[in-house]
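Reading through the structure tokens given below for one structure.
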Amino acid sequence: MAPPAEISIPSTILSNAESKPFTLYNITLRLPLRSFVVQKRYSDFAALHALLSSSVGVPPPAPLPAKSWFKSTVSSPEMTEDRRRGLEAYLRAIAESPDRRWRDTHAWRAFLNLPSSSTTNSAASAHGLVAAAGSGATIGAADPTTWLDMHREMKSCLHEARLALGRRDAAQEAGSAAGAAEAGAAAKKALVRGGTLLAALADGLRSMQEAGRLGEGELRRRRDLVAAARVDRDGLDKLSSSLASSHGGGGLRGGAGGGPVGGIGGGDRATLLGGGGASRTGGRVLGAPAPETVRTRELDNDGVLQLQKVQMAEQDQAVEQLGAIVRRQKEMGYMIRDEVDAQIEMLGRMDEDADRLGGKLRAAKNRVKNLQG
0 MAPPAEISIP STILSNAESK PFTLYNITLR LPLRSFVVQK RYSDFAALHA
50 LLSSSVGVPP PAPLPAKSWF KSTVSSPEMT EDRRRGLEAY LRAIAESPDR
100 RWRDTHAWRA FLNLPSSSTT NSAASAHGLV AAAGSGATIG AADPTTWLDM
150 HREMKSCLHE ARLALGRRDA AQEAGSAAGA AEAGAAAKKA LVRGGTLLAA
200 LADGLRSMQE AGRLGEGELR RRRDLVAAAR VDRDGLDKLS SSLASSHGGG
250 GLRGGAGGGP VGGIGGGDRA TLLGGGGASR TGGRVLGAPA PETVRTRELD
300 NDGVLQLQKV QMAEQDQAVE QLGAIVRRQK EMGYMIRDEV DAQIEMLGRM
350 DEDADRLGGK LRAAKNRVKN LQG
């Protein structure tokens, strides 16, 4: 049974992947725990309609927008928008219908990359994203709106990996080798999905830059987002890989007889958290009391203190730069005030000249009246 999903088609994109261009419709699905994007052509919708009609025996509750034989949507933005609205209404009618027959078919779930049961929701959604990233996510990432949806999903993957690493540490503390291995595998899968989406996002930014679809400032902002996410992902991947090394070296042990906490040797655990021993980590663990970051994970207590000093110095420098900007703004304000005062003075002189000219005109009119009288 497919999980409930909120379906919309917020945008379209023109694909030139083949010799003949075609329109791709960006289908956004919002599930209870995640959101993702699926891209389909009109021919995919037509195939879905035929499969649903044949599987259920009756057509879906809403008609499929008719195919245009004389004019292509590629050359007509109006037709593209009309078809987008029609296809969105078509999908929503199926998703919101009280009759589940069309939603329970394999064709519907395969079309939207939905799982076959609620228990496999996360895995199937992630599988759909990886498949999309492998085949058409780069095309989807070239659309500014779809790019943001994919970036949100990528951040969700990194968050999922971070939570899995936290569960792994908790399992180690409890001495559960199987739980630690399972959580580590889940973290690795999430990191693979995040890395795939990161590559697609970077390719999408290059495509948008070549097509001129975003300004330079927005492109720079999105590049910074990708760079920060890549640093975060690499740090998490390094932490996840260190667990595999400790497994290979026999780092996981029974933990009985007063052994190390979580069944991991002191040296291995210190290496896992980025230090060389207990004195380097200072007893810090993920999430207690302040979560570790990529920059602090490989530092001992003295290193963290030095990092804080460096960050405070950077903040002081940023405050000084901000102060310089404020001073320049203040000077510009003074200059604007002086300019306004000069303009007011000029307007006052013009007003006086206008009064004098008005007086002369009235005197001339009086003389003309006297001459006429």
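Heads up: the sequence shown at position 297 corresponds to 296 in numbering that gives the first Met the number 0, and the numbers run straight through without jumps. Virtual Cβ for every residue (Gly too), placed ideally from N, Cα, C.
CA-to-CA distance, M331 to S155, given in whole angstroms: Indexing the sequence shown from 1 puts residue 155 at position 156. Indexing the sequence shown from 1 puts residue 331 at position 332. Near 44 Å, if we compare the C-alpha coordinates of M331 and S155.
Helix, strand or coil at E112 according to DSSP, with G and I counted as helix: Numbered from 1 along the sequence shown, position 113 holds the residue referred to as residue 112. With the sequence shown as reference, residue 112 is identified as Asn, and Glu is not the correct amino acid for it. DSSP places N112 in coil when its eight states are reduced to three.
Where R232 falls: helix, strand or coil (DSSP): For the purposes of this step, residue 232 is identified with residue 233 of the sequence shown, where counting begins at 1. DSSP places R232 in the helix class (H, G or I) of the three-state scheme.
Where R361 falls, given that 16 or more other Cβ within 10 Å makes a residue buried: Counting from one through the sequence shown, the residue named residue 361 turns up at place 362. Using a 10 angstroms sphere on the CB of R361, the tally of other CB atoms stays under 16, which defines it as exposed.
Assigned secondary structure, K364 (DSSP; H/G/I helix, E/B strand, else coil): For this step, residue 364 is matched to residue 365 along the sequence shown. Of the three classes helix, strand and coil, the one that applies to K364 here is helix, per DSSP.
Which of helix, strand or coil DSSP assigns to E20: As a working mapping, residue 20 is identified with position 21 in the sequence shown. According to the sequence provided, residue 20 is Pro. The question's Glu does not apply to it. In the three-state DSSP reduction, P20 falls in the coil class, being neither helix nor strand.
Rounded straight-line distance, which links the Cα of Q320 to that of Y333: Within the sequence shown, numbered from 1, the residue matching residue 333 stands at position 334. Within the sequence shown, numbered from 1, the residue matching residue 320 stands at position 321. A straight line joining the alpha-carbon of Y333 with that of Q320 spans about 20 Å.
Where K364 falls, given that 16 or more other Cβ within 10 Å makes a residue buried: The sequence position of residue 364 within the sequence shown is 365, counting from 1. Here K364 is exposed. Its C-beta has fewer than 16 other C-beta atoms within 10 Å.
Cβ pair L86, P64 closer than 8 Å: The count along the sequence shown starts at 1 and reaches residue 86 at position 87. The count along the sequence shown starts at 1 and reaches residue 64 at position 65. Yes; because the gap between Cβ atoms is below 8 Å, this pair is in contact.
Alpha-carbon to alpha-carbon, F21 and R102: Reading the sequence shown from its first residue, position 103 is the one you call residue 102. Reading the sequence shown from its first residue, position 22 is the one you call residue 21. Spanning the alpha carbons of R102 and F21 requires a straight line of approximately 27 Å.
Presumed contact (8 Å Cβ cut-off) between T72 and R84, rounded CB distance: Position 73 of the sequence shown, counted from the first residue, corresponds to residue 72. Position 85 of the sequence shown, counted from the first residue, corresponds to residue 84. Incorrect: roughly 12 Å between the Cβ atoms, too far for contact.
Nearest-angstrom Cβ-Cβ length linking G302 and S239, presumed shorter than 8 Å: For this step, residue 302 is matched to residue 303 along the sequence shown. For this step, residue 239 is matched to residue 240 along the sequence shown. Not really, about 22 Å apart at Cβ, beyond 8 Å.
Backbone secondary structure at T11 - three-state DSSP: Within the sequence shown, residue 11 is the residue found at index 12, counting from 1. Correct three-state label for T11: strand.
Residues bridged to T27 (per DSSP): Here residue 27 is taken as the residue at index 28 of the sequence shown, counted from 1. DSSP lists S7, V36 as the bridge partner or partners of T27.
Anticipated Cβ contact below 8 Å, L224 with H150, distance rounded: On the sequence shown, position 225 is the one that residue 224 refers to. On the sequence shown, position 151 is the one that residue 150 refers to. At roughly 6 Å, the Cβ-Cβ gap stays under 8 Å, so L224 and H150 are in contact.
Element boundaries [alpha helix (DSSP H), containing V191]: For the purposes of this step, residue 191 is taken as the residue at position 192 of the sequence shown. For V191, the uninterrupted alpha helix (DSSP H) segment begins and ends at 176–210.
Where the alpha helix (DSSP H) through P76 begins and ends: Indexing the sequence shown from 1 puts residue 76 at position 77. In the DSSP assignment, P76 falls within the alpha helix (DSSP H) that extends over 76–95.
L213 (DSSP reduced to helix, strand or coil): On the sequence shown, residue 213 is found 214 positions in, with the first residue counted as 1. L213 falls in the coil class under three-state DSSP.
Contacting residues, own chain, Cβ-Cβ under 7 Å from M153 (five flanking each side not counted): On the sequence shown, residue 153 is found 154 positions in, with the first residue counted as 1. So the list reads G193, L196, L197, L200, A228, once near-sequence residues are dropped.
Beta-carbon proximity of R232 to L190, cut-off 8 Å: Against the sequence shown, residue 232 aligns to sequence position 233. Against the sequence shown, residue 190 aligns to sequence position 191. In contact: R232 and L190 (Cβ atoms closer than 8 Å).
Where L63 falls: helix, strand or coil (DSSP): Counting from 1 along the sequence shown, the entry for residue 63 is found at position 64. The DSSP-derived three-state label of L63 is coil.
R348 to K359 span [Cα, whole Å]: Position 349 of the sequence shown, counted from the first residue, corresponds to residue 348. Position 360 of the sequence shown, counted from the first residue, corresponds to residue 359. When rounded, the distance between both Cα atoms is 17 Å.
Residue nearest to R91 in terms of C-alpha spacing, selected from D352, A210, R29: Locating residue 91 in the sequence shown gives position 92, counting from the first residue. Each of D352, A210, R29 was checked against the Cα of R91, and the nearest Cα belongs to R29.
Under the three-state DSSP convention, the category E221 falls into: In the sequence shown, the residue the question calls residue 221 occupies position 222. Before going on, a small fix: residue 221 reads as Arg here, not Glu. The DSSP-derived three-state label of R221 is helix.
Neighbourhood of I6 by C-beta distance below 7 Å, restricted to the same chain and skipping five residues each side: As a working note, residue 6 is residue 7 in the sequence shown. Apart from the 5 residues on each side of it in sequence, I6 sits with its Cβ closer than 7 Å to the Cβ of I26, L28, L90, R91, A94 in its chain, given in chain order.
Neighbour-count burial assignment, P97, 16 or more Cβ in a 10 Å radius: Residue 97 sits at position 98 when you count from the first residue of the sequence shown. With fewer than 16 other Cβ atoms within 10 Å, it is exposed.
Alpha-carbon to alpha-carbon, G322 and S10: By 1-based counting over the sequence shown, the position of residue 10 is 11. By 1-based counting over the sequence shown, the position of residue 322 is 323. Straight-line Cα distance between these residues: approximately 43 Å.
Backbone secondary structure at F44 - three-state DSSP: Translated into the one-based positions of the sequence shown, residue 44 becomes position 45. DSSP, reduced to helix, strand and coil, places F44 within a helical segment of the structure shown.
Extent of the continuous alpha helix (DSSP H) to which A163 belongs: Translated into the one-based positions of the sequence shown, residue 163 becomes position 164. Per DSSP, the unbroken alpha helix (DSSP H) holding A163 starts and ends at 143–172.
Nearest-angstrom Cα separation, counted from D337 out to L370: Taking the sequence shown and counting its residues from 1, the one referred to as residue 370 is at position 371. Taking the sequence shown and counting its residues from 1, the one referred to as residue 337 is at position 338. Their Cα atoms are separated by approximately 50 Å.
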